[in-house]
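**Student:**
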Amino acid sequence: FRWVESIHERKIYLYKLKKRHDIKVDSIDDARRYKVGANTENDASTRGLLELGFVIGKNVELIHGKDHQNLSKLILGRVDMIVSTDTAMNYEVRKAGLSINDFEATIPLPVSEREKYFFAFSLGTLDSTVAEFQRAFEQIRKNGSYERIKNRYLASFPEDIAVRTVEGRIEPQRREGLKEKRAATAI
Numbered sequence: 017f018r019w020v021e022s023i024h025e026r027k028i029y030l031y032k033l034k035k036r037h038d039i040k041v042d043s044i045d046d047a048r049r050y051k052v053g054a055n056t057e058n059d060a061s062t063r064g065l066l067e068l069g070f071v072i073g074k075n076v077e078l079i080h081g082k083d084h085q086n087l088s089k090l091i092l093g094r095v096d097m098i099v100s101t102d103t104a105m106n107y108e109v110r111k112a113g114l115s116i117n118d119f120e121a122t123i124p125l126p127v128s129e130r131e132k133y134f135f136a137f138s139l140g141t142l143d144s145t146v147a148e149f150q151r152a153f154e155q156i157r158k159n160g161s162y163e164r165i166k167n168r169y170l171a172s173f174p175e176d177i178a179v180r181t182v183e184g185r186i187e188p189q190r191r192e193g194l195k196e197k198r199a200a201t202a203i
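And the structure:
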């Protein structure tokens, strides 16, 4: 593939129900004390957990189906947290007719710089086609269309959320492009 344009950063968090005040996660060590719902063993988020010392069958419970199964397990209390990207969590919550405000992103998992979402073209794509795409993509970034499109799919996330870093610090994360009246705090 020809990796042409980065379109979105990949952010992975451990999510819990906001009402679960008994779950206190300030570090990866803290998170290992809880049962985390994860996707199949081949999923990048699951591999990230395993690299951080989580163990399948001990503190990781795998699903072998769809992402919504983890959300259901979380809501039913069968797992304490789930691992998900912000975009997948948003999608599953919206699809289930729930509010993202009922969930809290606890700590982010480390993600390498190369783990972003990209537009890609096959190696055989003409240079002129790629250049035309890049010009058009730059135009929609400049005129605000790209942010509007992106926000349509991320709009149920609060504008301001706070997440705990792996080191335990709480850092605000600002979603740009949403209107001020939508601002909320998800802690």
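No gaps in the numbering here: position 162 of the sequence shown is 178 in the working numbering, and each next residue is one more.
We put the beta carbon where it would ideally sit given N, CA and C, even for glycine.
Small disclaimer: the values here were computed from a predicted structure and weren't measured.
(1) Kindly provide the ranges of any beta strand (DSSP E) runs that are 3 or more residues long and lie completely inside the region 56–123, ordered along the chain.
(2) Could you spell out the range, first to last residue, of the alpha helix (DSSP H) harbouring Lys158?
(3) Between the Cα of Val99 and the Cα atoms of Leu87, Tyr107, Gly93 and Arg110, which residue gives the shortest distance?
(4) What three-state label does DSSP hand Ile165 in the structure shown?
(5) Give the DSSP bridge partners of Arg18, in chain order.
(6) Quick one: Cα of Gly81 to Cα of Met105, how far?
(7) Name the two residues that bound the continuous beta strand (DSSP E) containing Ile28.
(8) So, is Asp45 buried or exposed, given that buried needs 16 or more other C-beta atoms within 10 angstroms?
(9) Once you ignore the five residues that flank Val109 on each side, which residues in its own chain have a CB closer than 6 Å to its CB?
(10) Helix, strand or coil for Ile44 per DSSP?
**Tutor:** Reading it off the structure:
(1) 76–78 and 97–101
(2) To locate residue 158, count along the sequence shown from 1; it is residue 142. Residues Asp143 to Lys158.
(3) Translated into the one-based positions of the sequence shown, residue 99 becomes position 83. The option with the nearest alpha carbon to Val99 is Leu87.
(4) As a position in the sequence shown, residue 165 is number 149, starting the count at 1. Three-state DSSP puts Ile165 in a helix.
(5) Along the sequence shown, read from residue 1 onward, the residue named residue 18 stands at position 2. BP columns for Arg18 point to Phe137.
(6) Residue numbering aside, residue 81 sits at position 65 when the sequence shown is read from its first letter. Residue numbering aside, residue 105 sits at position 89 when the sequence shown is read from its first letter. Answer to the nearest angstrom: the Cα atoms are 16 Å apart.
(7) Within the sequence shown, numbered from 1, the residue matching residue 28 stands at position 12. Element bounds for Ile28: Ile28 to Leu33.
(8) Along the sequence shown, read from residue 1 onward, the residue named residue 45 stands at position 29. By the C-beta density criterion, Asp45 is exposed, having fewer than 16 other C-beta atoms within 10 angstroms.
(9) As a working mapping, residue 109 is identified with position 93 in the sequence shown. Contacts found: Ile116.
(10) Numbered from 1 along the sequence shown, position 28 holds the residue referred to as residue 44. Ile44: helix per DSSP, three-state reduction.
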